[in-house]
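Sequences listed follow chains A and B, in order. So the numbering used here is basically just the index in the first sequence, starting at one, shifted up by 9. So the numbering used here is basically just the index in the second sequence, starting at one, shifted up by 9. We treat Cβ as the ideally placed atom computed from N, Cα and C, and that holds for glycine. Everything numeric in this text was worked out from a predicted model, so none of it was measured. Just below is one structure, and these are the notes that go with it.
2 protein chains.
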Amino acid sequence: MNSEKHIAIVGAGLVGSLLSIYLAKRGYKISVFERRDDMRKSTGYQGRSINLALSNRGIRALEEVGLAEELKQQAIPMHGRMIHDLQGNTNFQLYGKEGQFINSISRSGLNRVLITEAEKHNVQFYFEKRVTHIDFDQTEITFQDSSKNKFDLIIGSDGAFSSVRLAMQMTDRFDFSQDYIDHGYKELHIPAGLNGEFKLEKNALHIWPRESFMLIALPNPDGSFTLTLFFPFKGEQSFEHLSSNESVNEFFKTTFPDAYALMPNLLEEFFTNPVSSLVTVKCFPWAKNKTLLIGDAAHAIVPFYGQGMNAGFEDCRKLNDLLDIQKDNWEFVLNLFQAEQKPNADAIAQLALDNFIEMRDLVNDADFILRKKIESKLHELFPNKWIPLYSMVTFYESIPYSTAYQIGQKQKKIMETVLESSSIAENWKSLNFFEIVSQLN
Amino acid sequence: MNSEKHIAIVGAGLVGSLLSIYLAKRGYKISVFERRDDMRKSTGYQGRSINLALSNRGIRALEEVGLAEELKQQAIPMHGRMIHDLQGNTNFQLYGKEGQFINSISRSGLNRVLITEAEKHNVQFYFEKRVTHIDFDQTEITFQDSSKNKFDLIIGSDGAFSSVRLAMQMTDRFDFSQDYIDHGYKELHIPAGLNGEFKLEKNALHIWPRESFMLIALPNPDGSFTLTLFFPFKGEQSFEHLSSNESVNEFFKTTFPDAYALMPNLLEEFFTNPVSSLVTVKCFPWAKNKTLLIGDAAHAIVPFYGQGMNAGFEDCRKLNDLLDIQKDNWEFVLNLFQAEQKPNADAIAQLALDNFIEMRDLVNDADFILRKKIESKLHELFPNKWIPLYSMVTFYESIPYSTAYQIGQKQKKIMETVLESSSIAENWKSLNFFEIVSQLN
Numbered sequence: 010m011n012s013e014k015h016i017a018i019v020g021a022g023l024v025g026s027l028l029s030i031y032l033a034k035r036g037y038k039i040s041v042f043e044r045r046d047d048m049r050k051s052t053g054y055q056g057r058s059i060n061l062a063l064s065n066r067g068i069r070a071l072e073e074v075g076l077a078e079e080l081k082q083q084a085i086p087m088h089g090r091m092i093h094d095l096q097g098n099t100n101f102q103l104y105g106k107e108g109q110f111i112n113s114i115s116r117s118g119l120n121r122v123l124i125t126e127a128e129k130h131n132v133q134f135y136f137e138k139r140v141t142h143i144d145f146d147q148t149e150i151t152f153q154d155s156s157k158n159k160f161d162l163i164i165g166s167d168g169a170f171s172s173v174r175l176a177m178q179m180t181d182r183f184d185f186s187q188d189y190i191d192h193g194y195k196e197l198h199i200p201a202g203l204n205g206e207f208k209l210e211k212n213a214l215h216i217w218p219r220e221s222f223m224l225i226a227l228p229n230p231d232g233s234f235t236l237t238l239f240f241p242f243k244g245e246q247s248f249e250h251l252s253s254n255e256s257v258n259e260f261f262k263t264t265f266p267d268a269y270a271l272m273p274n275l276l277e278e279f280f281t282n283p284v285s286s287l288v289t290v291k292c293f294p295w296a297k298n299k300t301l302l303i304g305d306a307a308h309a310i311v312p313f314y315g316q317g318m319n320a321g322f323e324d325c326r327k328l329n330d331l332l333d334i335q336k337d338n339w340e341f342v343l344n345l346f347q348a349e350q351k352p353n354a355d356a357i358a359q360l361a362l363d364n365f366i367e368m369r370d371l372v373n374d375a376d377f378i379l380r381k382k383i384e385s386k387l388h389e390l391f392p393n394k395w396i397p398l399y400s401m402v403t404f405y406e407s408i409p410y411s412t413a414y415q416i417g418q419k420q421k422k423i424m425e426t427v428l429e430s431s432s433i434a435e436n437w438k439s440l441n442f443f444e445i446v447s448q449l450n
Numbered sequence: 010m011n012s013e014k015h016i017a018i019v020g021a022g023l024v025g026s027l028l029s030i031y032l033a034k035r036g037y038k039i040s041v042f043e044r045r046d047d048m049r050k051s052t053g054y055q056g057r058s059i060n061l062a063l064s065n066r067g068i069r070a071l072e073e074v075g076l077a078e079e080l081k082q083q084a085i086p087m088h089g090r091m092i093h094d095l096q097g098n099t100n101f102q103l104y105g106k107e108g109q110f111i112n113s114i115s116r117s118g119l120n121r122v123l124i125t126e127a128e129k130h131n132v133q134f135y136f137e138k139r140v141t142h143i144d145f146d147q148t149e150i151t152f153q154d155s156s157k158n159k160f161d162l163i164i165g166s167d168g169a170f171s172s173v174r175l176a177m178q179m180t181d182r183f184d185f186s187q188d189y190i191d192h193g194y195k196e197l198h199i200p201a202g203l204n205g206e207f208k209l210e211k212n213a214l215h216i217w218p219r220e221s222f223m224l225i226a227l228p229n230p231d232g233s234f235t236l237t238l239f240f241p242f243k244g245e246q247s248f249e250h251l252s253s254n255e256s257v258n259e260f261f262k263t264t265f266p267d268a269y270a271l272m273p274n275l276l277e278e279f280f281t282n283p284v285s286s287l288v289t290v291k292c293f294p295w296a297k298n299k300t301l302l303i304g305d306a307a308h309a310i311v312p313f314y315g316q317g318m319n320a321g322f323e324d325c326r327k328l329n330d331l332l333d334i335q336k337d338n339w340e341f342v343l344n345l346f347q348a349e350q351k352p353n354a355d356a357i358a359q360l361a362l363d364n365f366i367e368m369r370d371l372v373n374d375a376d377f378i379l380r381k382k383i384e385s386k387l388h389e390l391f392p393n394k395w396i397p398l399y400s401m402v403t404f405y406e407s408i409p410y411s412t413a414y415q416i417g418q419k420q421k422k423i424m425e426t427v428l429e430s431s432s433i434a435e436n437w438k439s440l441n442f443f444e445i446v447s448q449l450n
């Protein structure tokens, strides 16, 4: 019966492709329109990051469509942060408990698997089809070639610079914001060793925190690492001042000496790869008549919590759950979906901004490290009552982002008081942990 | 020498027309492009409010271009707020001191005067020319008829839904937000008496404050009043529930009995006139290469402080001042202008949102009225040290909005403490006013 309904999905990225599988499995006729060409046929740089951190919210959705096992094979577990100091010394901080980790996965590899799986469910993909206009009353898309098509439903999963959202912005009473941070990013590379060996610890997310900026590295299956330098666009230490071979070499040699030693192609990459900007996009409503925004199109966030894709995948799962509960009554579902997910999107947007400060600065801070230790102990003693914020966001997909955010705010207040106790660094093991955890109620 | 420079102004509204006069007087060649037809030839409703409150910031700019005296003739002074209660009783609250008042003026009348004056300075107006694209590197505009023109400078004064700003939004690292409030507005009318007499007090801005919504009235020179109902779009008491003749009559009769008695055409107007939405627009930067946003295009605000036009006119004056100081070095001027005016735009945006609550609710509040009395006394005793917030914004064009906002926040804190004193309503005259005012330092 659902097959009578024809749904257009705009954007064949990670979220659009996953959603097409969910909806095809419900019996809908699905057409996906993508402005780029078929990524399976091209190898070129698509203007997006090369690898991503897949964690529990994303995995849960991949499990539901039966792809989790296949994709875990392609992923590299990262059990914690490896912090690199100015001398090249390292310090490893576990993300969670035994068995809790995040996964470095290739964006394009994951996307290919999703598109190929979708085609098995009779999803039709149309590439090089760019949306130029949407008639929200008629649920009609106009494409760049002036062709028009009507659908029963349109879902915009076309990313941070969504053309579906741009069309909504032109309608009355659509709240919208786009906010850029002062930092941009540039991707660089540490190649594998001659025999494909990893030149840094494989199962970690590497961070070179330098207070106002940072370098990070994620492992790839071929033994290489993708590095990302997050650095101000302007100012004394900024991209605008790294314009000569000498300045780039000098900067990397003194600032990231151990990474520098592993980057034979630094200069070529630095002057070839683009500097990309980082934006937070918020909007509301997400649904207008029979058109819905989802994923980055509805809520693009900065990458510092590694949750952009995971949040988008969670959207797909939540939408599917609501369709189950509401028996595919889309009018109800669209309203419930945006009411339920908007607070979660706002929460993870803020958490992602906050986490940039944590990653580039606090991970080196004695108070921060002590706090992590105490919280870890609290979690060990009261595993269901005190769950550290990072764990709630990353490993507990049953806790909504907005709940995690609120609990995190409470935890922060409690821990601030705890850390003010005298000689806390020496005496923290004799804290009254029960008293601390009971403050959460 | 400036005449060698050709400046395009997009939008022939109030700000664009005024700016064209300022810049033509500096010797530039000015072309103004307006998407509507020439308002001097048409009488139709243009989708904007009929009259506006002109106050000191706006008047100051009109003085500079030599139009203040002519326009004051067309304006009606409003010395204070006339508050109408549910029984039709009224209570008058002065806006400031003797000689301080705001002015009800016709939007279209003012706009016509400005366009006609601009033409005297050889400004060229091109109507029905809609901007579809801007090339910021080439300073080139594409119009809806596919014609293209290059300029030395482009200034977008094309309002809250600016097409120049939309083009900027598509460029990298442009921060932007549009936020609608839950209320819309509908304009209504109280006609003049048979002999052109005013049916309500002429020299006042009338308010029917009803806590969650309000009706206001501004006088017109012909003896009529333009009424504006600010009312929620949705909910128990909202536009969506006023859908029948009976419900509208009943609502006005019980909620605004004295106004209702003066509105013979209520039903026709109510069901003919549109409900318009209310938006706050913020963005940054305002300048991209040689293209600048100004007025509502850069900072649209809600109308509750009566400052939208005044803020736009102040922009024109500040820009002209900077051109004087920097000897028409536009590169400097564009940067200085946005750095100086952005905090002022943000401040008046917030003040305008806050003032909606004051107008619709607080003006009836005993504490609020007492606070006004005490502040009035403070201003009388210390005229240069304690200037009430409304006066700073409305009557003191030398105080930037952002300064007014900051001082206003301080005053609010001080007054909150003062109002907590015991039996303050009876004893306020024996307060230590000197001690109060000295807290401002």
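DSSP on Asn158 (chain B), reduced to helix/strand/coil?
Position 149 of the second sequence, counted from the first residue, corresponds to residue 158 (chain B). In the structure shown, Asn158 (chain B) sits in a strand (DSSP, three-state: E or B).
Once the 5 residues before and after Ala320 (chain B) are set aside, which same chain residues still bring their CB inside 6 Å of it?
One-based indexing of the second sequence puts residue 320 (chain B) at position 311. Closer than 6 Å at Cβ, skipping near neighbours: Ile357.
Along the alpha helix (DSSP H) that carries Val173 (chain B), what are the first and last residues, could you check?
Translated into positions along the second sequence, residue 173 (chain B) becomes position 164. Its alpha helix (DSSP H) spans residues Ser172 to Gln178.
Among A:Asn274, A:Glu79 and A:Ala268, which one has its Cα closest to the Cα of Pro218 (chain A)?
For the purposes of this step, residue 218 (chain A) is taken as the residue at position 209 of the first sequence. Measuring from the Cα of Pro218 (chain A), the nearest candidate turns out to be A:Ala268.
Can you give me the C-alpha to C-alpha distance between Lys211 (chain B) and Ile225 (chain B), rounded to a whole angstrom?
The sequence position of residue 211 (chain B) within the second sequence is 202, counting from 1. The sequence position of residue 225 (chain B) within the second sequence is 216, counting from 1. Approximately 13 Å between the Cα atoms of the pair.
Using 9 Å as the threshold, is the C-beta distance between Gly165 (chain A) and Ala307 (chain A) below it?
Looking up residue 165 (chain A) in the first sequence gives position 156. Looking up residue 307 (chain A) in the first sequence gives position 298. Yes, they are a contact pair.
Measure the Cβ-Cβ separation of Phe280 (chain A) and Val257 (chain A) and say whether it is below 9 Å.
Locating residue 280 (chain A) in the first sequence gives position 271, counting from the first residue. Locating residue 257 (chain A) in the first sequence gives position 248, counting from the first residue. For Phe280 (chain A) and Val257 (chain A), yes; Cβs fall inside 9 Å.
For the beta strand (DSSP E) that contains Thr141 (chain A), what are its first and last residues?
Position 132 of the first sequence holds residue 141 (chain A). Run containing Thr141 (chain A): Val140 to Asp144, per the beta strand (DSSP E) assignment.
In its own chain, which residues sit with a C-beta less than 6 Å from the C-beta of Gln153 (chain A), not counting the 5 before and 5 after it?
Here residue 153 (chain A) is taken as the residue at index 144 of the first sequence, counted from 1. Answer for Gln153 (chain A): Arg139 and Thr141, listed in chain order.
Would you say Ser247 (chain B) faces chain E, with C-beta separation under 9 Å as the test?
Absent here is chain E; the protein component of the structure consists of chains A and B.
Please name the residues in the stretch 164 to 195 of chain A whose beta-carbon is closer than 8 Å to at least one beta-carbon of chain B, in chain order.
Of all residues in the stretch 164 to 195 of chain A, Gln178, Asp181, Arg182, Phe183, Asp184, Phe185, Ser186, Gln187, Asp188 and Tyr189 have a Cβ within less than 8 Å of some Cβ in chain B.
By how many angstroms is the C-alpha of Gln350 (chain A) removed from the C-alpha of Met177 (chain A)?
Numbered from 1 along the first sequence, position 168 holds the residue referred to as residue 177 (chain A). Numbered from 1 along the first sequence, position 341 holds the residue referred to as residue 350 (chain A). Each residue's alpha carbon lies about 19 Å from the other.
In chain B, what lies closer than 7 Å to Ser286 (chain A) by C-beta?
What you label residue 286 (chain A) is simply residue 277 of the first sequence in a count that begins at 1. Neighbours of Ser286 (chain A) on chain B, chain order: Asp181 and Arg182.
Under a CB-based cut-off of 9 Å, is Phe346 (chain B) close to chain A?
One-based indexing of the second sequence puts residue 346 (chain B) at position 337. Not one chain A Cβ lies under 9 Å of Phe346 (chain B).
By DSSP, does Tyr314 (chain A) sit in helix, in strand, or in coil?
If you number the first sequence from 1, residue 314 (chain A) lands on position 305. If DSSP states are grouped into helix, strand and coil, Tyr314 (chain A) belongs with the helices.
Can you tell me the Cα-Cα spacing of Gln83 (chain A) and Glu245 (chain B), whole angstroms?
By 1-based counting over the first sequence, the position of residue 83 (chain A) is 74. By 1-based counting over the second sequence, the position of residue 245 (chain B) is 236. Looking at the two C-alpha atoms, the distance is approximately 55 Å.
Taking C-alpha atoms, which residue in B:Phe185, B:Arg90 and B:Thr264 lies nearest to Trp295 (chain B)?
Here residue 295 (chain B) is taken as the residue at index 286 of the second sequence, counted from 1. Closest option to Trp295 (chain B), Cα to Cα, is B:Phe185.
Quick one: what does DSSP say Thr403 (chain B) is sitting in, helix, strand or coil?
The residue you call residue 403 (chain B) lines up with position 394 of the second sequence. Correct three-state label for Thr403 (chain B): helix.
Kindly indicate which three-state DSSP category Ala137 (chain A) falls into: helix, strand or coil?
Start at 1 with the first residue of the first sequence, and residue 137 (chain A) comes out as number 128. In the sequence on display, residue 137 (chain A) carries Glu and not Ala. Note: Glu137 (chain A) maps to coil in three-state DSSP.
What residues in its chain sit with their C-beta under 6 Å from that of Ala62 (chain A), if we drop five residues either side in the sequence?
The sequence position of residue 62 (chain A) within the first sequence is 53, counting from 1. Only Ile111 and Gly315 meet the Cβ criterion.
So Phe234 (chain B) packs on Ile199 (chain B), CB below 8 Å; how close in whole Å?
By one-based count along the second sequence, residue 234 (chain B) stands at place 225. By one-based count along the second sequence, residue 199 (chain B) stands at place 190. Their Cβ separation, rounded to whole angstroms, is 4 Å, which keeps Phe234 (chain B) and Ile199 (chain B) in contact under 8 Å.
Which word fits Ala270 (chain B), buried or exposed, when buried means at least 16 other C-beta atoms lie within 10 angstroms of its C-beta?
As a working mapping, residue 270 (chain B) is identified with position 261 in the second sequence. Ala270 (chain B) is exposed by the Cβ-count criterion.
Could you tell me which of A:Leu80, A:Thr99 and A:Lys421 sits nearest to Asp376 (chain A), measuring between CA atoms?
Reading the first sequence from its first residue, position 367 is the one you call residue 376 (chain A). Looking at the Cα atoms, A:Lys421 is the closest of the given residues.
What does DSSP give as the partner residues of His93 (chain B) in its beta bridges?
Residue 93 (chain B) sits at position 84 when you count from the first residue of the second sequence. Answer is B:Thr99.
On the criterion of 16 or more Cβ atoms from any shown chain inside 10 Å, does Ser432 (chain A) qualify as buried, or is it exposed?
The residue given as residue 432 (chain A) occupies position 423 in the first sequence. With fewer than 16 Cβ atoms within 10 Å of its Cβ, Ser432 (chain A) is classed as exposed.
Taking the alpha-carbon of Glu196 (chain A) as reference, which of A:Leu214, A:Leu275, A:Phe170 and A:Asp146 has the nearest alpha-carbon?
Here residue 196 (chain A) refers to the residue found at position 187 of the first sequence. For the residues A:Leu214, A:Leu275, A:Phe170 and A:Asp146, the minimum Cα distance to Glu196 (chain A) belongs to A:Leu275.
Using the Cα positions of Gly304 (chain B) and Ile310 (chain B), report the straight-line distance between them to the nearest angstrom.
Here residue 304 (chain B) is taken as the residue at index 295 of the second sequence, counted from 1. Here residue 310 (chain B) is taken as the residue at index 301 of the second sequence, counted from 1. The alpha-carbon atoms of Gly304 (chain B) and Ile310 (chain B) are separated by roughly 10 Å.
Express the C-alpha separation of Thr180 (chain A) and Gly56 (chain B) in angstroms, rounding to a whole number.
Mapped onto the second sequence, residue 56 (chain B) falls at position 47. Mapped onto the first sequence, residue 180 (chain A) falls at position 171. Interpretation of Gly56 (chain B) is limited by its pLDDT of 49, a score under 50 that renders its predicted location unreliable; no figure is taken from the coordinates.
Who are the Cβ neighbours of Ala21 (chain B) in its own chain at under 7 Å, not counting the five residues just before and after it?
Residue numbering aside, residue 21 (chain B) sits at position 12 when the second sequence is read from its first letter. Within the same chain, Ala21 (chain B) has close Cβ partners Val41, Glu43, Ile124 and Phe134.
Kindly indicate if chain B contains any beta-carbon less than 9 Å away from that of Phe242 (chain A).
The residue given as residue 242 (chain A) occupies position 233 in the first sequence. Closer than 9 Å: yes.
Can you tell me whether Arg369 (chain A) is buried or exposed? The criterion is at least 16 other CB atoms within 10 Å of its CB, across all chains shown.
Position 360 of the first sequence holds residue 369 (chain A). Looking at its Cβ environment, which holds 16 or more other Cβ atoms inside 10 Å, Arg369 (chain A) is buried.
Is Gly56 (chain B) helix, strand or coil by DSSP?
Residue numbering aside, residue 56 (chain B) sits at position 47 when the second sequence is read from its first letter. Low local confidence applies: a pLDDT of 49 at Gly56 (chain B) is under 50, so the model's placement there is unreliable, with the coordinate-based value given in what follows. The answer is coil: DSSP assigns Gly56 (chain B) none of H, G, I, E or B.
Quick one: residues in its chain with C-beta nearer than 7 Å to the C-beta of Asn131 (chain B), no 5 flanking neighbours on either side, listed in chain order?
Position 122 of the second sequence, counted from the start, is the residue given in the question as residue 131 (chain B). Ala33, listed in sequence order.
Who are the Cβ neighbours of Glu72 (chain A) in its own chain at under 7 Å, not counting the five residues just before and after it?
Position 63 of the first sequence, counted from the first residue, corresponds to residue 72 (chain A). Around Glu72 (chain A): no qualifying Cβ.
Between which two residues does the beta strand (DSSP E) holding Ala17 (chain A) run?
What you label residue 17 (chain A) is simply residue 8 of the first sequence in a count that begins at 1. Counting along the chain, the beta strand (DSSP E) containing Ala17 (chain A) begins and ends at His15 to Val19.
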